[in-house]
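Q: Following this message is one structure expressed as structure tokens.
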Amino acid sequence: MTDVIDKPKQDGPDLKVVGTRPVRPDGVDKVTGRAAFGADYRLPGMLTGRILRSPHPHARIVSIDTTKAKALAGVKAVVTAADFPDLDSEEYEAGESAADIRDLSLNVMARHKVLYDGHAVAAVAATSASVAEEALGLIEVVYEVLPHVTDVVEAMSPTAPLLHEGMITQGVTPPPTRPSNIAKRFASQRGDLEAGFAAAEVVIEDSFTTQAVHQGYIEPHACVATMTEDGQSVVWSSSQGQFMVRTYCAKLLGLEVADVRVIPAEIGGGFGGKTTVYLEPVALALSRISGAPVKLVMSRDEVFRATGPTSGTAITVKIGATRDGRFTAAQVELKYQAGAFPGSPAGAAVMTALACYDLENFSIIGWDVVTNTPKVAAYRAPGAPMVAFAVEGVIDELARNLGIDPIAIRELNGVRDGMKASYGPTFRNIGFQETLQAAREHPHYSAPLAPGEGRGVAAGFWFNVGGESTAALHLNEDGSAVVVTGSPDIGGSRASMAMMAAEVLGVGADRVRPVVADTASIGFSMLTGGSRTTFATGMAVTQAAQKVVESLKARAAMTWETGAEHVAWENGQAICLDPAKDVKALSLAELAANAARTGGPISAEVSLNAQGAGPGFGVHICDVAIDRETGHVAITRYTAVQDVGRAIHPAYVEGQIQGGAAQGIGWALNEEYVFGDDGRMQNSGFLDYRMPVASDLPMIEAVMVEVPNPRHPFGAKGVGEVPIVPPLAAVANAVRGALGFRMAHLPLSPPKVRAALDRSG
Amino acid sequence: MSKVHIRARVNGDPVEFLAEQGMTLLDALRDELGLTGAKEGCGSGDCGACSIMVDERLVCSCLMLAPEAEGRRIETIEGMARDGGLHPLQRKFLEHAALQCGFCTPGLLVAAKALLDQNPDPTETETRFWLAGNLCRCTGYDKVIRAVMDAAAELRQAHSA
Amino acid sequence: MAQVVAVSSDVLAFTGGETRFEVAADTVRRLILALDERFPGLGDLIERRVAIAIDGEIHRNAWGAALRPDSEVVLIDRIGGG
Amino acid sequence: MSQLQYYAPGSVEDAVKALGAGGRAMSGGTDLLVQLRAGRLPPGPIVDLKNVAGTQGIRQENGGWIIGAATPAALLGEHAGLVAAWPGVVEGAGLIGSTQIQNRASLAGNLCNASPAADSVPALIAARATCIVAGPGGRREVPVQAIVTGVGKTSLGPGEFVLEIRLPPRPPRAADAYLRAIPRTEMDIAVAGAGADIVLDEAGVCQDVRVVLGAVAPTAVIVAGASAALVGFRLDEAALERLDSAAQVVCRPISDKRGTVEYRTRIAGVLARRAVAIAWERAEKRA
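Protein chains in written order, with the UniProt record's numbering: chain S, 1 to 761; chain E, 1 to 161; chain D, 1 to 82; chain W, 1 to 287.
Below, the structure is given as structure tokens:
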């Protein structure tokens, strides 16, 4: 079962809706098959599009001849990079972090060079799927195949084939004179490293690797797009941000933003992977030529080969400690694979690497390295899980070496309010120690292990972000309400939006119906990512509801012919505080019914840029049983403890924690991109890209520790990303416990575990 | 290539449609019949998002050709709620928050119903193995399994009452 | 005078490794302008790539955010998310 | 793929004709359609064998069992008589994919797809199962191990297809078992598999044994040394150790995304041991 460990209420609002578990408003559509996802849209006269992809990991495009494809009956458009503007390099912030518009354009459609197996080189739109597929076969591309490199460490070698001939490493002084595949160096340091290690009585150092893994959303990318002759465009697509899609489509096709309207479909999972565009600009380009709506849907093979995995990494960690377990110094070097274009999450990894711990002396160096693999995309706490795998592994070894309980060593060194985070600022209102304590006191932690089983503990950190959001609240004539946001709902956020509005209005959650609106129907909102929606968009919703309440109070005052200061709002009704008036309370419905008489429709829209998202911490406990003959690792028990601010809808908070833990377990045990010597992905399907199935997992117990975030009206903070940070290390530390030696290279798949056992004798 | 004329019964109703001979039943349901509840997550039978019942057997509609549906009785997610009310499984999925994005949900529900139709009292392990053909990336399966077990309990109670 | 600490690698590349500055500014907007004056071009970099933590709370694109005289101001890389 | 021609003959004669004209046999289609879609097989007309008389159902004849070639694997597991007689064959069939796949995939399809990792094949060979092959020249009965000749290759001639799979009658104190190793717990291709069929005498001594390995060579391989390791012995650790070694000797695996040569070889030994131990225990219970 799932526990909520409640802190004493600090601010004490008596919450009636927040913290309950109502059925989500979009739920019935989703259990009946009505909900329309990206591929479910269909327009009259719609064409079917298909994309031709490079079979080579690295090649120069000598020529592309589309003559035969264009001549095929039923083909209405063929596009290549020549049909897109050749854009200059420009950093642009529309996704989760700044993207280079030129790189994005080249990723959407290769120009001059293909940089990975699966890189798009041309696309067709035709009257049927079979005609479109036939047309792909008629496009003649002449490639000059180049040597390739897919591994991050090999790509850093001075002799490695160069992906971008002019790329000079940033962040190195003086700048290198020769180009390389190293896009950028990140560095972060504090104190005196040498002195710190000199003060250590025990020093543990180890090197770790992780493989590229995919977000693995079950819904492949899909969109329908249409453009008129004057450039006005509509896109229906499944993404984490309709405004992100609008911005990128306008940029990549040279359109006015006002001419692009993006209508969000239901999104079938994203986890960061749908924070950029792949199909939408192509569908628009095809529609521009054909004059008809074009639908593009990726196959699973395309999703794996051409969309965002996260980085494969190589990480070295060295930590020193005194005999009593106090850390004296830490040194981390991490190499992150960016894929075809710069932009791995190495920077975030540098910032999170030691964020859980109080350290006087440290040095962290990060490298962002391009490889002939798909351009990485954000994946849930981008960059953090891999470095946590390494750092938490070394801390586990330190604890073992020193004979200190693994939670105790983390409590001893863990950050608290008032300490300076490794990434700079001073922590305020954090819940790491509370989370550690809850883990230590949880029955799982003291439960006996079966012989041969191992138990691992690991901690994780994520910043969470805020950002720009808009929300509108419209009161209906019967006192019900509509809350409109621009934030796609991936995991049930519509429920929390309705709940927060309902809490302020003083009505039941089912009296407020939430809508995720298109780009023409609500003000700008950043995409759903960075665990920001319930925090930032929730703040906009709350403020909009508060404005509506103010308006309701004013209208009640008008009705009672008193001042607004004499009106209170309680339990969904206006109460008159004016002792001179003997009047009955006015209900929300009564006030709504009189809206026309008291000033017109009652609604409010709030746009804001939310700051001060509080960071979150997680501590996971994992038990494993290992078949020492087959090398198979079974997760026998799993508990995930997390500081969640305040849970608006606890069931969906638990769901985030459980889902994140499950993804991390998959990453630890079996998921990996496997590239052949030819540089092609060998396992671009769910059969051989092994995400956990139901029988692979136990129940995942989610324990919510509530340390309210003072910057949010209800204390909420982001919860979606933290839970994927600890599992890689929690699983690996448990395997370490069961085996008696450490395995530092993910995934811990049966062949590797058995081979390690054989080596260990 | 001429299309074939197919007659079948879908969610109790007779249907007729034309399909290319190599078209999957999934594409036919979605594109010819407008039943988009079954989803394509992989096209290779590995994710189960396209699960439907054919002659009371649970299958992946992406691994069946449309012409194979000739004369068959097909049940899809669109037919699960009856007489204006949700099936207990659908209700339990909502009560337990057993869905996040909801993309795999139709397939999971069809598969879970097939389980309970033939095994009204499955263990957790039996439920997990039966549903192993339905990938969910959002939930970690915890709430899905709880919802199915809870629905099974409710259905057993309803039957014994 | 706000006590400004630079942690971001990008910022350090701009300041030639200098990590601590005292800046007379009572808002983020004024802080950025002042820094740009001291290190021409840094203002643009901050607008594009840098987040500003004020007394432990991370801000980005927040010209209006207030700085108290004893505020701890840290320039860090912007964080995305998934 | 949507432009493929589909043909569903009702008689053996029509099926033979259609296949002879270049058609590709399909029963459950769970492998074939995936391969066609991925472009691993060239497109060609599909001949659906599910409506062909004799390809559906399980029946007993002269003490043995006849399984129609296109019978879905799930039906094997639901057939109490077959489960009791050939639990290992049923285990192998029961591991072909998910519940959904089980309702489509067939023994003959799993066999003729000619994957080295086919889960039902080692158990069938261990069981000394045979195939009735129908073709232009009439019908012939061949041992299961004669069908697959290499990765993706079979001995079936033009117009030929497997119509039935036959399992022999069971003596008392005989039982079989199948095990495989996969990285997950379900939904995987065998990294290695082992089928074992064993006959004990009244004293519990092994009289006859056949152990067959999957996914460790281009085709399923019979462990030649299994008889020497086990016949005449009781079940003990030493016997299983001998079997383990004998199993490893016949392995000629490849290293690929699913496993290395070393891993497959070692696991083959482990699985052979475990499968024999299960079959042995089952056989003892049938005294």
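Ideal placement from N, C-alpha and C gives every residue a C-beta, glycine not left out.
Predicted model only: the values in this text are computed from it and were never measured.
Could you say which of S:V31, S:E91, S:G655 and S:S130 lies nearest to G85 (chain E) if we only look at CA atoms?
A: Residue 85 (chain E) sits at position 85 when you count from the first residue of the second sequence. Comparing Cα positions, the closest option is S:V31.
Q: Kindly indicate which three-state DSSP category H119 (chain S) falls into: helix, strand or coil?
A: For the purposes of this step, residue 119 (chain S) is taken as the residue at position 119 of the first sequence. Coil.
Q: Cutting at 6 Å between CB atoms, please list the residues of its own chain near S8 (chain D), excluding the five before and the five after it.
A: Walking along the third sequence from the start, residue 8 (chain D) turns up at place 8. Excluding residues within five positions, the ones whose Cβ falls inside 6 Å are V50, L75, I76 and D77.
Q: Can you pull out the residues from the stretch 62–86 of chain E whose beta carbon lies closer than 9 Å to at least one beta carbon of chain W?
A: Within the stretch 62–86 of chain E, the qualifying residues are C62, L63, M64, L65, A66, P67, E68 and E70.
Q: Relative to the ligand GTP, is the shortest distance from any of its heavy atoms to the C-beta of V703 (chain S) smaller than 7 Å?
A: Here there are no bound small molecules, and the ligand GTP is not part of this structure.
Q: Strictly by DSSP, which residues pair up with Q573 (chain S)?
A: As a first step, residue 573 (chain S) must be located in the first sequence, where it is residue number 573. S:E570 and S:S587.
Q: Roughly how many angstroms separate the alpha carbons of A517 (chain S) and E302 (chain S), rounded to a whole number?
A: As a first step, residue 517 (chain S) is located in the first sequence; it is residue number 517 there, counting from the start. As a first step, residue 302 (chain S) is located in the first sequence; it is residue number 302 there, counting from the start. So the two alpha carbons sit approximately 29 Å from each other.
Q: Chain E partners of N103 (chain W), CB-CB under 7 Å?
A: Position 103 of the fourth sequence, counted from the first residue, corresponds to residue 103 (chain W). Correct list: R57, L58 and V59.
Q: Taking any Cβ of chain S, which residues in the stretch 236–259 of chain W have a Cβ under 8 Å from it, in chain order?
A: Answer in chain order: D256, K257, R258 and G259.
Q: Contact between the stretch 88–99 of chain E and the stretch 15–23 of chain E: three or more CB pairs below 8 Å?
A: The stretch 88–99 of chain E is not in contact with the stretch 15–23 of chain E.
Q: How big is the Cα-Cα spacing for H649 (chain S) and L116 (chain E)?
A: On the first sequence, residue 649 (chain S) is found 649 positions in, with the first residue counted as 1. On the second sequence, residue 116 (chain E) is found 116 positions in, with the first residue counted as 1. So the alpha carbons of these two residues sit roughly 29 Å apart.
Q: S98 (chain W): buried (16+ other C-beta within 10 angstroms of its C-beta) or exposed?
A: Taking the fourth sequence and counting its residues from 1, one reaches residue 98 (chain W) at position 98. Classification for S98 (chain W): buried.
Q: Looking at the C-beta of T20 (chain S), does it have a partner C-beta in chain E at a distance below 8 Å?
A: As a working mapping, residue 20 (chain S) is identified with position 20 in the first sequence. For T20 (chain S), the answer is no, since every Cβ of chain E falls outside 8 Å of its Cβ.
Q: Going along the chain, which residues of its own chain have a beta-carbon closer than 8 Å to the beta-carbon of L156 (chain W), five neighbours each way excluded?
A: By 1-based counting over the fourth sequence, the position of residue 156 (chain W) is 156. The residues are C112, V133, G135, I147 and V162.
Q: Which class does R104 (chain W) belong to by DSSP, given the choice of helix, strand or coil?
A: Within the fourth sequence, numbered from 1, the residue matching residue 104 (chain W) stands at position 104. Reduced to three states, the DSSP call for R104 (chain W) is coil.
Q: Are I145 (chain E) and A694 (chain S) close, meaning C-beta to C-beta below 8 Å?
A: Walking along the second sequence from the start, residue 145 (chain E) turns up at place 145. Walking along the first sequence from the start, residue 694 (chain S) turns up at place 694. Yes, the pair counts as a contact, with Cβ atoms nearer than the cut-off.
Q: Based on the DSSP output, what are the partners of A66 (chain D) in its beta bridges?
A: As a first step, residue 66 (chain D) must be located in the third sequence, where it is residue number 66. Answer is D:T27.
Q: Per the DSSP calculation, D206 (chain S) is bridged to which residue(s)?
A: As a working note, residue 206 (chain S) is residue 206 in the first sequence. Partner(s): S:V317.
Q: Which whole-angstrom value is the C-beta distance of A265 (chain S) and A36 (chain S), which I expect to be below 8 Å?
A: Against the first sequence, residue 265 (chain S) aligns to sequence position 265. Against the first sequence, residue 36 (chain S) aligns to sequence position 36. Rounded, the Cβ-Cβ distance is 6 Å, consistent with contact.
Q: Skipping 5 residues on each side, what residues in its chain have a beta carbon closer than 7 Å to that of C42 (chain E)?
A: Within the second sequence, numbered from 1, the residue matching residue 42 (chain E) stands at position 42. Same-chain partners within the cutoff: there are none.
Q: Does the beta carbon of V52 (chain W) sit closer than 8 Å to a beta carbon anywhere in chain E?
A: In the fourth sequence, residue 52 (chain W) corresponds to position 52, counting from 1. No, no contact with chain E.
Q: Taking the beta carbon of L193 (chain S) as the centre, do at least 16 other beta carbons fall within 10 Å, making it buried, or is it exposed?
A: For the purposes of this step, residue 193 (chain S) is taken as residue 193 along the first sequence, with counting starting at 1. Buried, since its Cβ has 16 or more Cβ neighbours within 10 Å.
Q: Have a look at G452 (chain S) and L739 (chain S) and give me their C-alpha separation to the nearest angstrom.
A: The residue given as residue 452 (chain S) occupies position 452 in the first sequence. The residue given as residue 739 (chain S) occupies position 739 in the first sequence. Cα-Cα distance, rounded: 8 Å.
Q: Please return the same chain residues whose Cβ sits closer than 8 Å to the Cβ of V142 (chain W), not counting the five positions on each side in sequence.
A: As a position in the fourth sequence, residue 142 (chain W) is number 142, starting the count at 1. These residues qualify, in order along the chain: T130, C131, V133 and S155.
Q: Whole-angstrom Cβ separation of G456 (chain S) and A135 (chain S), contact assumed at under 8 Å?
A: Position 456 of the first sequence, counting from 1, holds the residue named residue 456 (chain S). Position 135 of the first sequence, counting from 1, holds the residue named residue 135 (chain S). About 52 Å; that fails the 8 Å criterion.
Q: In the DSSP assignment, the alpha helix (DSSP H) including T226 (chain S) goes from what residue to what residue?
A: Locating residue 226 (chain S) in the first sequence gives position 226, where the first residue counts as 1. Looking at the DSSP string, T226 (chain S) is not in any alpha helix (DSSP H); the run it does join, the beta strand (DSSP E), is A222 to M227.
Q: Taking buried to mean at least 16 other C-beta atoms within 10 Å of its own C-beta, is A355 (chain S) buried or exposed?
A: Counting from 1 along the first sequence, the entry for residue 355 (chain S) is found at position 355. Its Cβ being crowded by 16 or more others within 10 Å, A355 (chain S) is buried.
Q: Indicate the three-state DSSP secondary structure (helix, strand or coil) for R305 (chain S) in the structure shown.
A: Walking along the first sequence from the start, residue 305 (chain S) turns up at place 305. In the structure shown, R305 (chain S) sits in a helix (DSSP, three-state: H, G or I).
Q: Indicate whether A222 (chain S) and L253 (chain S) have their beta-carbon atoms separated by less than 8 Å.
A: On the first sequence, position 222 is the one that residue 222 (chain S) refers to. On the first sequence, position 253 is the one that residue 253 (chain S) refers to. Taking 8 Å as the Cβ cut-off, A222 (chain S) and L253 (chain S) do not qualify as a contacting pair.
Q: What separation, rounded to the nearest whole angstrom, lies between the Cα atoms of V28 (chain D) and R68 (chain D)?
A: Looking up residue 28 (chain D) in the third sequence gives position 28. Looking up residue 68 (chain D) in the third sequence gives position 68. Roughly 11 Å between the two C-alpha positions.
Q: Short of 6 Å in beta carbon distance, which residues of its chain neighbour V4 (chain S), apart from the five on each side in sequence? Order them along the chain.
A: Residue mapping note: residue 4 (chain S) aligns to position 4 of the first sequence, counting from 1. Because V4 (chain S) carries a pLDDT of 45, less than 50, the predicted location of this residue cannot be relied on, and no value is offered for it.
Q: Can you tell me where the alpha helix (DSSP H) holding A13 (chain D) begins and where it ends?
A: The count along the third sequence starts at 1 and reaches residue 13 (chain D) at position 13. Note, A13 (chain D): alpha helix (DSSP H), S9 to T15.
Q: Contact defined as beta carbons within less than 8 Å: I believe G679 (chain S) pairs with H58 (chain S). What is the distance between those atoms, to the nearest angstrom?
A: Sequence index remark: in the first sequence, residue 679 (chain S) carries index 679 (1-based). Sequence index remark: in the first sequence, residue 58 (chain S) carries index 58 (1-based). At roughly 7 Å, the Cβ-Cβ gap stays under 8 Å, so G679 (chain S) and H58 (chain S) are in contact.
Q: Buried or exposed: V62 (chain S), going by 16 or more other Cβ atoms within 10 Å of its Cβ?
A: The sequence position of residue 62 (chain S) within the first sequence is 62, counting from 1. Exposed, since its Cβ has fewer than 16 Cβ neighbours within 10 Å.
Q: Would you list the residues sitting across from G523 (chain S) in a DSSP beta bridge?
A: Position 523 of the first sequence, counting from 1, holds the residue named residue 523 (chain S). Paired residue(s): none; G523 (chain S) is not in a bridge.
Q: Taking 6 Å as the limit between beta carbons, can you name the residues of its chain near V216 (chain W), skipping five residues before and five after?
A: As a working mapping, residue 216 (chain W) is identified with position 216 in the fourth sequence. So the qualifying residues of the chain are A192, C251, P253, R264 and A268.
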